[in-house]
Amino acid sequence: MNFHFQSTSSKQLRGFLQVSAWQAILLAMASLSAGTGHCETAPDTLSLSRGMAIEMAIRKNIDLRVESLNYSMAETDVDRSWGIYNPILVVSGTGGVTAVPGDPFFSSRYSTGSIGLTQYLPTGGYLSASTQSGYTNAEVSNPDTSTSTWQSTAGLALSQPLLKNAGKQTMELNITLAANALEDSRERYRFTTTETVLAVITTYNHLYTLRQTLETKKGALKAAQDFLDELRKRPKPTALQKIEIANTEYTIAQRLKDLVEAERSVRDQDASLRYLIGMEQKTQIIPVDPPAREEPQTTEEQAIKSALEYRSDLKQLRTTLKSSQLQERVADHQRLPELTVSGSGGFTGTGTNFAESYRKIAQKPGTYWAAGMQLNVPLGNTAAYNDYLKNKIRTEQVQNQIDALVWKIRNDVEADMRALISARLQIQTTEKALQYAEQRHDEYRNQTRAGATTVQDFINAENDLIAARNAHQESTEAFAYAVSKLWRDTGELLDRQGVRITSPDQYKPDK
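Spelled out as structure tokens, the structure:
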């Protein structure tokens, strides 16, 4: 590439090169800001409110979708656990031949078929209804002595444990555990949602602050460039004026560096927010809501009481404690001997064929009944005893976890209240500092233009004003975070943001 310059002075040439360099850098920054290799096309932008960002996260955040599928699986486990009360259809059939050699020769053939329905009971036993039919055909060497008999029965049978395995609590153990697991999954989804909403609020507020900081740095760079132009237009430059020009050029270089870093920070934060709200398009997000400055009207004791009542992680542990206590009681019950009583009875019919045997049951039946009892006593009972001991230890462990979490919750809420007080004071302090910095900046600007002070003093005052503005923005963001964290730790964040969780299974897969 060739460069052609017209005849000019070295000073003019140097000024031209400097201006061209700033323009080239600013064009490069515009290109980086657009996320492309050229600056012909500007990226799409989206003006987004904080409430809309939260709504988008609830609907599209991938982590919440994963957690909602866990809830859906827990629901299927509850439905599955109730399957123990599904009736069981039992169909069977047997047959065979017996042959005894000798004189006379004897053989018999038999065949039996049955069909029944078994229903388990909440007491731990079961009731079954069945019918059975079969025949026996006996033959000897003399065909005249052959006999064929059909026999059919229809009746009920009942079996009920009295010690081990008895009772509704034991029978429905898996049902209760599945229901507790579903409740745990619901609270875990609420906990994940709360963390996601807090992350969205924090990221959104920080993006707002970074964009305000970016605008401040752009304004500071433009102010320095304008001031440099003003200095260069002054007639008869003196040695002092050359120093002031050099100081201003150095300031422009530093502010340009700060502006590049601010641009990168905005892009990084923009990407973080897009992930949280589930936005795949690389659209620049423009936050329209400043960090909230709503003051929580609650005392420390009220905040602690709310946290102990609404915190999802504490509810999860309490649900786990209920499951552990139930398993401990069932394990204690399972150490008992196994004593089972059973009984059966019904009607019988006998005939020369299948139809006749059932006709006898309907018209002139015979009867049968049976009753029994079985006792099994494990000697030593080591397995059952250690199962009970293990569940007892687990219950104590979960109770200790609850006590520790309650203690931590109290400490967290107390720390949040202290952080809130500090953040409030920081806002008041930075507001005052910003007010003084603006007055100081205006005074130095007037004095500099009047020649009563140096440009460096004005630049220092302007840098202090920029720092004061940024500090005020950051203190406002810190206050908003302190409020949101307090609401998170008291379990009120979702309610404060108008989020209602009715059913986390909104992302069930297609069947």
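Counting in full-length UniProt numbering, the sequence shown runs from 1 upward without gaps.
We treat Cβ as the ideally placed atom computed from N, Cα and C, and that holds for glycine.
Endpoints, the beta strand (DSSP E) within which residue i is located
i    : result
N376 : 366–376
V398 : Taken as a continuous stretch (DSSP letters only), V398 belongs to no beta strand (DSSP E), being part of the alpha helix (DSSP H) at 382–449.
T238 : T238 -> no beta strand (DSSP E), and no H or E assigned at all.
A452 : Where A452 is concerned, there is no enclosing beta strand (DSSP E), given that its DSSP letter is neither H nor E.
S47  : 45–48
L379 : Note, L379: premise wrong, no beta strand (DSSP E); not H, not E.
Supposed contact pair residue j and residue i - C-beta distance, whole angstroms, cut 8 Å
i           : j    : result
T319        : E183 : 5 Å
E187        : Q316 : 5 Å
T112        : Q160 : That pair is no contact at about 27 Å.
S357        : Q132 : In fact, because the Cβ distance is near 10 Å, the residues do not count as touching under 8 Å.
R424        : L198 : No, R424 and L198 are not in contact; Cβ-Cβ is about 20 Å, not under 8 Å.
I459        : N247 : 6 Å
residue 512 : D77  : This structure does not reach residue 512, given that the chain is present from 1 up to 511, and the question cannot be answered.
V341        : L162 : 6 Å
Through-space distance from residue j to residue i, alpha-carbon basis
i           : j    : result
E477        : Q284 : 21 Å
Y481        : V398 : 32 Å
P365        : M73  : 52 Å
H333        : S344 : 27 Å
S185        : S324 : 16 Å
R449        : A468 : 23 Å
I501        : I54  : 13 Å
I84         : S49  : 51 Å
residue 522 : V330 : Because the chain is modelled from 1 through 511, residue 522 falls outside the range shown and cannot be assessed.
T348        : I175 : 39 Å
K257        : I421 : 35 Å
S92         : Y110 : 14 Å
E230        : E244 : 11 Å
Q473        : L210 : 9 Å
G372        : K305 : 58 Å
L276        : A384 : 49 Å
A224        : L486 : 42 Å
D495        : Q426 : 27 Å
Beta-carbon proximity list for residue i, same chain, < 7 Å, skipping 5 on both sides
i    : result
L465 : A437, E438, H441
Q497 : I54, V197
T216 : I466, R469, N470
D313 : F191, L405
N381 : R335
Residues of its chain near residue i, where Cβ-Cβ distance is below 6 Å and the 5 sequence neighbours each way are ignored
i    : result
I201 : S484
A303 : V413, T490
Q119 : P87, L127
G134 : S111, T112
P291 : N205, T476, E477, A480
Span of the alpha helix (DSSP H) around residue i
i    : result
E462 : 455–489
V499 : Where V499 is concerned, there is no enclosing alpha helix (DSSP H), given that its DSSP letter is neither H nor E.
S68  : 62–81
E356 : 354–363
Cutoff 8 Å; reference residue i; Cβ partners in own chain excluding five residues on either side
i    : result
L117 : P87, I88, L89, V90, S128, A129, S130
beta-carbon residue i near the ligand PLP non-hydrogen atom, thresh 7 Å
i    : result
G372 : Ligands displayed in this structure: none; no statement on the ligand PLP is therefore possible.
Cβ of residue i within 8 Å of any chain C Cβ
i    : result
T502 : Judged by its chain identifiers, the structure shown contains no chain C, having just a single protein chain.
Quiz prompt | Sequence ranges, beta strand (DSSP E) only - wholly within the region 274–317, length at least 3 | solution = 284–287
Exercise. Just list the alpha helix (DSSP H) runs in the region 115–196, keeping only unbroken ones of 4 residues or longer that don't cross its boundaries, in chain order.
Key: 168–171
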